[in-house]
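Everything in the sequence shown is counted per numbering that gives the first Met the number 0, starting at 0 for the first residue and increasing by one.
Backbone N, C-alpha and C define an ideal beta-carbon position, used for all residues, glycine too.
For reference, the structure discussed in these notes is given below.
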Amino acid sequence: MKKLELKRIARKATYTIGRLYVDGKYFCDTLEDADRGLTQTMPLAEIRRIKVMHQTAIPAGTYKMIVNISPAKQRLLPRILDVPGFDGILMHRGNTADDSSGCPLLGENTQVGKVLNSTKYELALVELLKNERDITIWIH
């Protein structure tokens, strides 16, 4: 069983920076779209009213995850399941909120509004999780 925690630490107008922990240990930084205050317990109609397509971070909450092949990206990726109002949420490589569409991007936040070296962290996270059957992520 693996437990991931994504702590959102900097909420900006167009992006959100976070820290990802695996089993309580810092793993990497994250970059997401703008946090619009959504939570997993909000009514779906409210989430849909507030959400801006391709420009909104997923609701804060606790989710199950799997690692499987992404049809769009054609590689193994961690997938966050049953996110209300969102489909196809993956943790993957990318550098800016333009690469996100709601997905948390992995990397090093060494430049304002970006994460770098993201391929390295994507590959490492996939390797860490690919044989796990019980993965949970808490996003707050």
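Determine the closest residue to residue i out of the options, with distance taken between C-alpha atoms.
i: Pro-83; options: Arg-10, Ile-65 and Thr-61; result: Thr-61
i: Leu-128; options: Lys-6, Ile-8 and Asp-22; result: Asp-22
i: Glu-31; options: Leu-76, Leu-122, Ala-9 and Lys-119; result: Ala-9
i: Glu-131; options: Leu-76, Leu-115, Asp-98 and Val-111; result: Leu-76
i: Leu-43; options: Asp-81, Gly-17 and Trp-137; result: Asp-81
i: Val-111; options: Gly-17, Lys-6 and Lys-2; result: Gly-17
Determine the direct distance from the alpha carbon of residue j to that of residue i, and round the result to whole angstroms.
i: Thr-29; j: Glu-107; result: 7 Å
i: Arg-92; j: Phe-85; result: 19 Å
i: Glu-4; j: His-139; result: 8 Å
i: Tyr-25; j: Arg-48; result: 34 Å
i: Asn-94; j: Leu-104; result: 7 Å
Beta carbon of residue i, beta carbon of residue j: below 8 Å?
i: Thr-135; j: Met-64; result: yes
i: Ala-96; j: Tyr-20; result: no
i: Ala-12; j: Leu-37; result: no
i: Ala-33; j: Gln-54; result: yes
i: Arg-165; j: Ile-88; result: Past the boundaries of the shown model lies residue 165; the chain is included only from 0 to 139, so the question cannot be answered.
i: Gly-101; j: Ile-57; result: yes
To which residues does DSSP link residue i through a beta bridge?
i: Thr-135; result: Lys-2 and Lys-63
i: His-91; result: Leu-104
i: Leu-115; result: Glu-107
Is there a C-beta anywhere in chain B that falls below 8 Å from the one on residue i?
i: Thr-135; result: Of the chains in the structure shown, none is chain B; there is only one protein chain.
Q. Taking the runs of the alpha helix (DSSP H) that are 4 residues or longer, which of them lie wholly in the segment 7-91?
A. For the segment 7-91, whole alpha helix (DSSP H) runs of length 4 or above, ordered along the chain, are 43-49.
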